[in-house]
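Trainee: Numbers in the working numbering are just positions in the sequence shown, counted from 1, shifted up by 772.
We treat Cβ as the ideally placed atom computed from N, Cα and C, and that holds for glycine.
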Amino acid sequence: MSRLPRYVFPDGTYHVGTRGVEGTPIFRTDDDRRFFLELFADVVVRNDWLVHVFCLMTNHYHLVVEALRD
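1) Tell me whether Val-837 is buried or exposed, calling it buried when 16 or more other Cβ atoms sit within 10 Å of its Cβ.
2) Is there contact between the region 821-830 and the region 797-812, where contact requires at least three CB pairs shorter than 8 Å?
3) So if DSSP puts Thr-785 in a beta bridge, which residue, or which two residues, is it bridged to?
4) Using only the alpha-carbon positions, how far apart do Asn-831 and Phe-807 sit?
5) Measuring CA to CA, which of Leu-776, Trp-821 and Pro-797 is closest to Leu-840?
This is the structure we're talking about:
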């Protein structure tokens, strides 16, 4: 079950992640990872985020991003 959207605090730093249910892969190929990174890059630019670190695993990912504007 997903969570409700949370308020984004200006200048807040966030650990964001997701995982596949019961270890199900969310990235099956390198093309899947590239597609995710292209979408992620677009979101980063549109929302003026600073990416501190990211890690893509087969069945989950972690992102640490900082919101730079209101």
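Mentor: The short version:
1) Within the sequence shown, the letter at position 65 stands for residue 837. So Val-837 ends up on the buried side.
2) Look at the beta carbons and you see the region 821-830 touching the region 797-812: at least three pairs across the two are nearer than 8 Å.
3) Sequence index remark: in the sequence shown, residue 785 carries index 13 (1-based). Bridge partners of Thr-785: Glu-838.
4) Residue mapping note: residue 831 aligns to position 59 of the sequence shown, counting from 1. Residue mapping note: residue 807 aligns to position 35 of the sequence shown, counting from 1. Looking at the two C-alpha atoms, the distance is approximately 15 Å.
5) Taking the sequence shown and counting its residues from 1, the one referred to as residue 840 is at position 68. Just measuring C-alpha positions, the residue of Leu-776, Trp-821 and Pro-797 sitting nearest Leu-840 is Trp-821.
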